[in-house]
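Engineer:
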Amino acid sequence: MAVRQFSGRLSWRPNIAGLVTMAICGLVWEMAIQVGVFDYQYLPAPSAIIRGAGELAASGELITATLHTLESVFLGWAIAVAAGVSFGLLLGSSPLLRRYSLATIEVLRPMPAIAFVPVALLLFGFSIQTELMVIVLPSLWPVLINTMGGLMGVHARLGEVGRTFRLSRAAILYKVFLPAATPAIMVGVRISLTLAVVLAVLAEMVGNPEGLGYAVVSQQQALRPDLMFVYVMVIGLLGLALNALLVGVVSVSFPAASAEFKGPRW
Amino acid sequence: MAGGETTGQQQRDFVFSCRSVSLKLPYQGGNRWILADISLDIRRGELFTIVGPSGTGKTTLIRVLGGLTPCSSGSVRINGQEITGPPEGVVIVFQDYSHALLQWRTVFLNVALGIEGRVAASELRSQVLGVLRLVGLEKNADDYPWQLSGGMQQRVQIARALAVKPAVLLMDEPFAALDAMTKASLQDELLRVKQETGCSIVFITHDIEEAVYLGDRIAVINGTPGRIERTFDVTLPKPRDQIITRQLTEFLKFRYAVHQAIGGMTRWP
Amino acid sequence: MVKRGELSAFLRLAAAEIPPARGLVPLLTLLTVWQLLAPGPSAYFPAPFEWWRATALLWDSGQLLPAFAATVTTFVEGLALAVAIGAGLGVTIGTSRPVERALGPLLEFMRAIPPPVTVPIATLLLGYDVTMKLTVVALSAIWPILLNTSSAAARVEPLLFDVARTFRLSTADWIRQIVVPSVVPFILLGIRVAIPLAIVVTLLVEMLTSLPGIGALMIQSQRNFQSAQVYALLVMVGLFGFVVNDLFAIIEAIVLRRWPARGVFRSS
């Protein structure tokens, strides 16, 4: 029976000052609109946003848009992770391959994701493939670089242990290097997920007219700021929720790796 | 005469030997000799300690004996066969146990590393538990290394090495990173384990007293590049005891002899 | 500010960091194969040479330079604004523990909203003009800078606080002479993260609103099915991103040449 030791239970002192500040801001916002201090035509009161949320949830539009974006995110992210880990493992284990590809990566990596939108529209029109083209490549880089770096950063001693026990090269890669690099790989995977959400929304705003990104833009153009803000909030929550989900899944399946996984914010 | 060479007659008593092993490594444009003309013979079932100050190439020697680093000249043989890489029947136990153990595997799976896939599944469990029992860690089989103390982790590493039933165990200053009391207890445990398994051990250390306490024979390595200054039999009574043995006059004489050898002078006590 | 000998030694060091040129082989191979297999104009896969021709055409037509200028101007101004406000606010928030705790969740909440999404919001609130464009770019770029700066300012080595008190430094001096130099590496880190964000948002605004810029040009080309032009602009944007990142890396290295490797902070 395994005796697992989770590295830290949920120790969370509620940030009273913070919560109070947010509550006050929300209240002030609501009051200002009601009283008429802020007569910005396009700044909705929190109450209007909540009502809008109800409206969209009831009509099913919210669910449809969210599901579409989730579909793009998962597909794009999965492809990015698969490709990123594969190439990362290849490059991490072969100095020769690295010499013949690092410069290409350095040139392609700074390419702004949005620049792919016109090309994607050209090739795929209004379809989910357009979104995928925008999502996959930029999401691939964090996974590739972290996998490669993780593999290269494995302590030399571990390789020697593999050799002193006369394990085959494949066995050393699979039993020793891969698990040792897993924490770093997981960091890349987490960054990639956050990025994939942003990119999916981006692709939907200017590319494929479906999903949450498109909903935000179309509500803006329809001059329905209350509904627009509902979608904005959902996007924010979606990112947070997916991130938390991933952290949870990793904590359970890799207890040893999870401490390093929760890593720094930026 | 320096070196532990013997006549062909006694060759069959020797499980492990190296002849005229020298090693140079590239260094700042040229080469630097790390080891020069090392010749040793390890008998079956003996604990052979190699002692010397830092910088004499002790760790490099272990790596050459273990097949991790090829020598520039000379040969290393196990049971007469020259080695060309990590040989069968020889396992290295490293000093930095926390890096040498697979921290993501349980103790059980760590110990199984050398034999999984090579031994029938039914056999695996009994062999691993058997060797864990030998080092006194059978209750920790499902713990992770990072949950254990330094001494326990080193015992896991030793158990892992013993699981493959090696003819020769090469130990690179295995107790150097441990506190004095843990070190003493592990020294005795090592002697007991050797008694029970009958494997040969090559034990590298910079601790002179440890070398004398543990060894059946001692080789003193010194100088840059490292050479074997002296080799001699340690004729202390067995079983060794941390208090009694270390107080014996013979113990002090051997200790003195090693000090002298390291000091550069070879003089009988 | 930078001595001559220092600069050349530094450039030599920088050159050593560049990955070997043969690493470009995959990219060059791709382009060559593409050119050979699809040598002419095409609706979907125009040859690389066609991209070059399209670029020349754009230049001659007088469209390229103004669009490029508009994009670069917005990007630089927006980034500068973000740095000034972000760093300033960051230091202010970070040095005051209660303020940091109070504003923390609010800032986190706003950070969770992806920068692209702020564009429609800004469009609605501020209209379709250059001011909005600038505001939204600055707003997107501000978060990494602000958050990095405030968290760094809050984590300055407490021992230095005692040092300041021993030397009876005023709060202004404390901030100016100890906090600010300590957080400079983190401001730079924030800028490094902010740069790609600013580029994306700049282009996004241009694409959504057709305000003048490379983004507008890209969408226009796509709508007119001028495929070679689309690819040409993609390459240009890519080069721009590459150059800006490298330029900043050099600036960062020059500024940080005398900083310890993050040694002034409490280990987390």
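Residue numbers (this note's numbering), protein chains in the order written: chain A, 114 to 379; chain B, 33 to 301; chain C, 1310 to 1577.
From the three backbone atoms N, C-alpha and C, an ideal C-beta is built for every residue, glycine too.
Owing to the predicted nature of the structure, the values given are computational and were not obtained by experimental measurement.
How big is the Cα-Cα spacing for PHE1384 of chain C and SER331 of chain A?
Structural biologist: Near 26 angstroms, if we compare the C-alpha coordinates of SER331 of chain A and PHE1384 of chain C.
Engineer: Is the Cβ-Cβ distance between LEU264 of chain A and SER206 of chain A less than 8 angstroms?
Structural biologist: Yes, Cβ-Cβ distance for LEU264 of chain A and SER206 of chain A is below 8 angstroms.
Engineer: Which residues share a DSSP beta bridge with TYR59 of chain B?
Structural biologist: DSSP output for TYR59 of chain B lists B:GLY62 as bridge partner(s).
Engineer: In three-state DSSP terms, what is ASN321 of chain A?
Structural biologist: Looking at ASN321 of chain A - three-state DSSP - the assignment turns out to be coil, as it is neither helix nor strand.
Engineer: From the DSSP output, read off the bridge partner residues of GLN113 of chain B.
Structural biologist: B:ILE110.
Engineer: Residues of chain A with a CB under 8 angstroms from the CB of PHE126 of chain B: which are they?
Structural biologist: Neighbours of PHE126 of chain B on chain A, chain order: ARG270, GLU273 and VAL274.
Engineer: Measuring CB atoms only, is the region 118-130 of chain B touching the region 148-166 of chain B, in the sense that at least three cross pairs come out at less than 8 angstroms?
Structural biologist: Contact between the region 118-130 of chain B and the region 148-166 of chain B is absent, because fewer than three Cβ pairs lie under 8 angstroms.
Engineer: Buried or exposed for MET15 of chain B, going by 16 or more other Cβ atoms inside 10 Å?
Structural biologist: In the structure as shown, chain B begins at 33 and stops at 301. Residue 15 of chain B is therefore absent and cannot be evaluated.
Engineer: Take the Cβ of TRP190 of chain A as the centre, count every other Cβ of all protein chains shown within 10 Å, and call the residue buried at 16 or more, exposed below.
Structural biologist: Label assigned to TRP190 of chain A: buried.
Engineer: Whole angstroms is fine: what's the gap from ILE163 of chain A's alpha carbon to VAL329 of chain A's?
Structural biologist: Answer to the nearest angstrom: the Cα atoms are 16 angstroms apart.
Engineer: Buried or exposed: where does GLN334 of chain A fall if 16 or more other Cβ atoms within 10 Å of its Cβ makes it buried?
Structural biologist: Exposed, by the Cβ-count rule.
Engineer: Give the secondary structure of GLU1561 of chain C by DSSP, where H, G and I count as helix, E and B as strand, and everything else as coil.
Structural biologist: Note: GLU1561 of chain C maps to helix in three-state DSSP.
Engineer: Would LEU1373 of chain C pass as a contact of VAL1439 of chain C if the rule is Cβ separation under 8 angstroms?
Structural biologist: No.
Engineer: Distance, Cα to Cα, VAL1430 of chain C vs PHE239 of chain A?
Structural biologist: It is Ile, not Val, that sits at residue 1430 of chain C in the sequence shown. Straight-line Cα distance between these residues: approximately 24 angstroms.
Engineer: Tell me the DSSP bridge mates of ARG259 of chain B?
Structural biologist: Its beta-bridge partners are B:ASN254.
Engineer: Sorted by chain position, which residues of the same chain lie with C-beta nearer than 6 angstroms to LEU222 of chain B's C-beta, five sequence neighbours on each side aside?
Structural biologist: Cβ neighbours of LEU222 of chain B beyond the five flanking positions: none.
Engineer: Quick check on ASP1555 of chain C: does DSSP put it in helix, strand or coil?
Structural biologist: Here ASP1555 of chain C sits in helix by DSSP.
Engineer: Examine chain A for any beta-carbon lying closer than 8 angstroms to the beta-carbon of PHE48 of chain B, and answer yes or no.
Structural biologist: Output row for PHE48 of chain B: interface = no.
Engineer: Determine, using beta carbons only, whether LEU315 of chain A and VAL256 of chain A come nearer to each other than 8 angstroms.
Structural biologist: In this structure, VAL256 of chain A does not lie closer than 8 angstroms to LEU315 of chain A by Cβ.
Engineer: Starting from ASP1471 of chain C, trace the alpha helix (DSSP H) both ways and give me its first and last residue.
Structural biologist: Segment 1467-1475, the alpha helix (DSSP H) holding ASP1471 of chain C.
Engineer: In chain C, which residues lie with their C-beta within 7 angstroms of the C-beta of GLU219 of chain A?
Structural biologist: In chain order: PRO1328.
Engineer: Do GLY131 of chain A and PRO159 of chain A have their C-beta atoms within less than 8 angstroms of each other?
Structural biologist: Their beta carbons are not under 8 angstroms apart, which means GLY131 of chain A does not touch PRO159 of chain A by this criterion.
Engineer: If you draw a straight line from the alpha carbon of SER199 of chain A to that of TYR287 of chain A, how long is it in whole angstroms?
Structural biologist: Cα to Cα, SER199 of chain A sits roughly 13 angstroms from TYR287 of chain A.
Engineer: Is THR134 of chain A close to chain C? Criterion is C-beta to C-beta, closer than 8 angstroms.
Structural biologist: Cβ-Cβ to chain C under 8 angstroms: yes for THR134 of chain A.
Engineer: Quick check on ASP128 of chain B: does DSSP put it in helix, strand or coil?
Structural biologist: It is coil, neither helix nor strand.
Engineer: Name the DSSP bridge partner or partners of PHE264 of chain B?
Structural biologist: Answer by DSSP bridge pairing, in chain order: B:ILE250.
Engineer: Whole angstroms is fine: what's the gap from ALA1330 of chain C's alpha carbon to THR260 of chain A's?
Structural biologist: If you take the alpha carbons of ALA1330 of chain C and THR260 of chain A, they lie about 23 angstroms apart.
Engineer: For a contact defined as C-beta to C-beta under 9 angstroms, what are the partners of MET341 of chain A on chain C?
Structural biologist: Under the 9 angstroms cutoff, chain C gives PRO1429, ILE1430 and LEU1433.
Engineer: Between which two residues does the alpha helix (DSSP H) carrying MET1441 of chain C extend?
Structural biologist: Here the alpha helix (DSSP H) through MET1441 of chain C covers 1439-1463.
Engineer: Note down, in chain order, each residue of its chain lying with its Cβ closer than 8 angstroms to the Cβ of LEU336 of chain A, except the 5 sequence neighbours on either side.
Structural biologist: If we look at LEU336 of chain A and ignore the five residues flanking it on each side, its Cβ neighbours are TYR155.
Engineer: What is the residue span of the beta strand (DSSP E) that SER232 of chain B lies within?
Structural biologist: Run containing SER232 of chain B: 232-237, per the beta strand (DSSP E) assignment.
Engineer: Just checking: is the beta-carbon of PHE239 of chain A within a distance shorter than 8 angstroms of some beta-carbon in chain B?
Structural biologist: By this cut-off, PHE239 of chain A is not an interface position.
Engineer: If you drop the 5 nearest sequence neighbours on each side, which residues of the same chain put their C-beta closer than 7 angstroms to that of LEU204 of chain A?
Structural biologist: Hits under 7 angstroms: LEU210, ARG211, SER214 and MET261.
Engineer: Just to confirm the assignment: which complete beta strand (DSSP E) runs, minimum length 3, are found wholly within the region 167-241 of chain A?
Structural biologist: Here no run is fully enclosed.
Engineer: From the DSSP output, read off the bridge partner residues of MET203 of chain B.
Structural biologist: Answer is B:VAL125 and B:PHE235, bridged to MET203 of chain B.
Engineer: With a Cβ-Cβ cutoff of 8 angstroms, do ALA243 of chain B and VAL290 of chain B count as a contact?
Structural biologist: In this structure, VAL290 of chain B lies closer than 8 angstroms to ALA243 of chain B by Cβ.
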